[in-house]
Amino acid sequence: MRGAGGMLLRGKLEADVVIVGGGAAGLCAAIAARRAGASVLVLSRGSPGHSGATFKSEGRIAAALGSDDSPSLHLRDTLRAGRGACIRELAEALTEEAPDAVRKLAELGVRFKRRGGRLLLDLSPGHSRHRICCVKGHPPGAELSRSLARAAAALGAKLAGYTPVLKLLVDGDRIVGCLAYDIRGGKLLKVSAGSVVLAAGGGARVYARSDATPDACGEGYALALDAGTKLIDMEFVQFYPLITVKPVPGILILASPLYDGASLLNKLGERFMLKYSSREVEDRDIMSRAIYQEAEEGRGVDGGVLMDFSGIPEDILKSRYLRLLRLFMRHGVDLRREPIVVSPAAHFFCGGLEVSEWGETQLDGLYAAGEVAGGIHGANRLPGNALAEAAVFGFRAGRAAAEHAASERKADLPKAGELPRCKVDLKQAEAEARSAAWRLVGVIRDEERLREAVSFAREAREMWLSFSAEGDPHGMRLWSMLLTLEAIALSALKRKGSLGVHYRRDMPARVGGHVRAWMHGEILKAEWSSE
């Protein structure tokens, strides 16, 4: 059986470190683990280096590399954006090591935009300094992904695509391997491992409106819950405010044009942001709620608002935004004269597996890095911190996983037990689940809708899925979506207030602390605590 990454999957499969996910976090973990001397196998639902959130990203990485900047300033901005809910030790590791992570990426062959030989540093909302390093390439996310995949393969990591993981195999409180499915060969594969790094991305595709890739369906969260580890703050789903509705849906528009003269308008022609903030460009959570509320109260356009580029001087529009100009021109819109329609859409999960500064989880031998991990960003993520997190904690988790694997003897693999199978039409079931998520646990929430979301997810799992020794990737995908939806809703119910990206209309007062979720038998549980 041949994986999409070019390796032949046959015989007994084993590696010191198995990495679940082929994006930036997973590939950085693979590179670090190989450099530490471990054998590495990367398993990915898509093709490693050619799929996932990193591949589609804008390739923007936050790091304090400017002469007027420092990790402490980056930390201050990160903690402020996180509304006090960041786990400080994680945020400190992120901001301290982001500059070195950028240097490592450059050494691995990732190209960055430069001016006069120096890194070009951009400014993004929420940052007090120019600190966004921009990957050079068309598109930049693809350049980053492909460069890391080439580097990992050159170091000897084995990359297997179209091989989603269906279950983590646990012996007592220790991870010993996983069960994967070779989509092209149509066979289940047992894989023995000294350590496993979960880097499977987030779950934004659980929502009807999302700019995420199709594989962002929460599989990492479901794998972790099933294995017996905890999730933290799953209610913190970040909605990106500027995702196109018309003329073509799903295109992410950076906030940069708003600094250069573009404006957000409701259908009355009002620059409405000043009703919600003292600034027209705000953190993503504030902008998303403002746009959502304008539309909900009848002042929107096609469920969103207008983004008008006509205030940008034409020379700036042509020099800085030529790619956007050409893109929309192909869809019949001249940005110099016509506005587009934008709306919030699910973009990033700030919650996820509860981890240490080295990506360790509660299970011996299980590590997590990237969007699947929680606690770093608190209740709202700054632009550029996602890819910074992927690199910093990918390198950290890979190294730690390799060291752990070197100290452990491989154990016999236990039976996998029952696996989910889809017994309804997958496309229709996914559409229903996504519609429920957008309607019930979207930008603005309340107790009635949250309880309805929990009931929907539990009942759908009963009706749409069966369990047997022969699982399938469709069943895993649907089970993951429903379990992720339930974790969001249950966590949101347990936080009796609002914070950052989580906003309850019925409880707008700010409530800090953390919510942790875990499986108790077949039932998902959650608890809020002040710590």
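Here this note's numbering is used: position 229 in the sequence shown is 225, and no number is missing along the way. Where a beta carbon is used, it is the ideal one built from N, C-alpha and C, also for glycine.
Asked: Candidates L155, C174, L151, of which the one nearest L162 by Cα; Found: C174
Asked: Cβ pair G348, L227 closer than 8 Å; Found: yes
Asked: Beta-ladder partner(s) of G300, from DSSP; Found: V297
Asked: Assigned exposure category for F324 - 16 Cβ within 10 Å defines buried; Found: buried
Asked: Extent of the continuous alpha helix (DSSP H) to which K100 belongs; Found: 84 to 103
Asked: Touch test, the region 38 to 56 against the region 123 to 130, Cβ-Cβ under 8 Å, three pairs minimum; Found: yes
Asked: G328 burial status per 10 Å Cβ neighbour count (16 or more: buried); Found: exposed
Asked: Collapsed DSSP secondary structure at M472 in the structure displayed; Found: helix
Asked: Span separating the alpha-carbon of G17 from that of R417; Found: 22 Å
Asked: Given R333 as reference, the closest of C346, R280, S306 once Cα atoms are compared; Found: S306
Asked: Per-residue DSSP class, three states only, for E266; Found: coil
Asked: The region 387 to 399 touching the region 86 to 98, judged by at least three CB pairs closer than 8 Å; Found: yes
Asked: Beta-carbon proximity check, V13 vs A397, cutoff 8 Å; Found: yes
Asked: Beta-carbon proximity of A218 to A21, cut-off 8 Å; Found: no
Asked: Integer Cβ distance of L104 from A147, believed to fall under 8 Å; Found: 4 Å
Asked: Buried or exposed (CB count within 10 angstroms, at least 16 for buried), Q424; Found: exposed
Asked: Span separating the alpha-carbon of H373 from that of G496; Found: 11 Å
Asked: Cβ pair count under 8 Å reaching 3, the region 189 to 207 against the region 361 to 368; Found: yes
Asked: Cβ-Cβ distance between K419 and L461 below 8 Å; Found: yes
Asked: Where G45 falls, given that 16 or more other Cβ within 10 Å makes a residue buried; Found: buried
Asked: Sufficient close CB pairs (3 or more, under 8 Å) joining the region 239 to 257 to the region 196 to 209; Found: yes
Asked: Euclidean distance between Cα positions of A25 and G366; Found: 10 Å
Asked: Touch test, the region 397 to 409 against the region 164 to 182, Cβ-Cβ under 8 Å, three pairs minimum; Found: yes
Asked: Pick from L331, L115, S464, A485 that is closest to E443, judged by C-alpha positions; Found: A485
Asked: Element boundaries [beta strand (DSSP E), containing V14]; Found: 9 to 16
Asked: T240: first and last residue of the uninterrupted beta strand (DSSP E) it sits in; Found: 233 to 242
Asked: For E414, three-class secondary structure by DSSP; Found: coil
Asked: Rounded straight-line distance, which links the Cα of R447 to that of R435; Found: 12 Å
Asked: DSSP beta-bridge partners of Y363; Found: V193, E356
Asked: Alpha helix (DSSP H) runs contained entirely in the region 369 to 438, provided each spans 4 or more residues; Found: 381 to 402, 422 to 436
Asked: Separation of D256 from D311, as counted between CA atoms; Found: 11 Å
Asked: Alpha-carbon to alpha-carbon, A77 and K242; Found: 30 Å
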